[in-house]
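What follows is a set of notes on a single structure, which appears directly below.
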Amino acid sequence: MDHVIARLDADHERVVTELSHELAELLAIEPAGAAQGPPHITLVSYTDLDATVAADALAPVVRADRPLTVRAHGYGMFTGDRASDLSLHVMVVRTRELDRLHRRTHAALGAAGACLAGNTDPGVWTPHITLLDRGLTPAKLGRAVEALAQRPHRSWTVGLTALAVTPRAPGGARTAPADRFTLALG
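Going by the numbering used here, 124 is the number at position 124 of the sequence shown; the sequence numbering is gapless.
So this is what it looks like as structure tokens:
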């Protein structure tokens with residue numbers, strides 16, 4: 001799957017990266033177990049569309065939307081079919097503005113011919129900022145939750161600065177968004 005992500009402001013990128021790495025170290029997970037790439041909110045996952053075409057399709061979306069802020073508060077987890085499909089994240093509160101950006105991004109990629117992933121459909125999309133997504137076991141997830149429960153977690157007001165297209169590299173690894181695929185909001 002390829003993705004369109006909303007990039008966080010620099011301060012929150014740093015905070016989330018530090019927290020991810022702190023948790024990975026506590027749980028003896030390889031640093032690669034921390035969230036992949038820069039911290040972000042995945043807006044849409046898709047296949048069958050070249051990254052350049054995706055970026056072109058998103059140009060009107062980013063011109064029409066100004067930078068926005070979102071509120072992130074609390075923690076959550078996702079599970080899958082296998083025990084290794086666990087991930088831990090910071091929950092992001094859906095707002096009218098965030099939903100508008102998401103719907104416009106989803107519609108632009110669909111109109112450009114992308115095959116859109118069902119879990120990023122506007123009716124079921126769960127905005128979040130991933131902390132750990134590899135190397136978790138149920139026991140390690142429990143330890144991570146215990147560690148997070150012992151630290152203060154205030155609501156974050158996070159600035160979203162840009163959208164970026166993150167295509168998969170050969171072999172399936174997510175690539176860092178190249179500058180030419182990062183589009184500043186506003």
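We put the beta carbon where it would ideally sit given N, CA and C, even for glycine.
Cβ-based burial, residue i [other Cβ within 10 Å; buried from 16]
| i | result |
| --- | --- |
| leucine 26 | exposed |
| histidine 153 | exposed |
| histidine 128 | buried |
| proline 39 | buried |
| alanine 144 | buried |
Cβ-Cβ separation, residue j to residue i (assumed contact under 8 angstroms), whole Å
| i | j | result |
| --- | --- | --- |
| leucine 19 | leucine 131 | 6 angstroms |
| phenylalanine 181 | alanine 51 | 5 angstroms |
Selected residue, minimal CA-CA separation from residue i, among the options
| i | options | result |
| --- | --- | --- |
| alanine 108 | Tyr46, Ala10, Val15, Asp11 | Tyr46 |
| alanine 57 | Thr17, His106, Asp121 | His106 |
| leucine 185 | Arg104, Gly74, Asp48 | Arg104 |
| proline 122 | His73, Ala24, Asp99, Leu8 | Asp99 |
| methionine 77 | His12, Gly159, Gly110, Val90 | Val90 |
Straight-line Cα distance separating residue j from residue i
| i | j | result |
| --- | --- | --- |
| alanine 147 | valine 93 | 23 angstroms |
| alanine 117 | valine 44 | 7 angstroms |
| glutamine 150 | isoleucine 41 | 25 angstroms |
| threonine 95 | valine 70 | 8 angstroms |
| alanine 196 | valine 62 | This structure cannot speak to residue 196, because the chain is shown only from 1 to 186. |
| valine 124 | histidine 102 | 12 angstroms |
| histidine 21 | threonine 161 | 23 angstroms |
| glycine 74 | tryptophan 156 | 10 angstroms |
| arginine 14 | leucine 8 | 9 angstroms |
| glycine 135 | glutamate 30 | 8 angstroms |
| alanine 54 | glycine 37 | 19 angstroms |
| glycine 113 | threonine 137 | 37 angstroms |
Discussion item. Measuring CB atoms only, is the region 1-13 touching the region 158-166, in the sense that at least three cross pairs come out at less than 8 angstroms?
Written reply: yes
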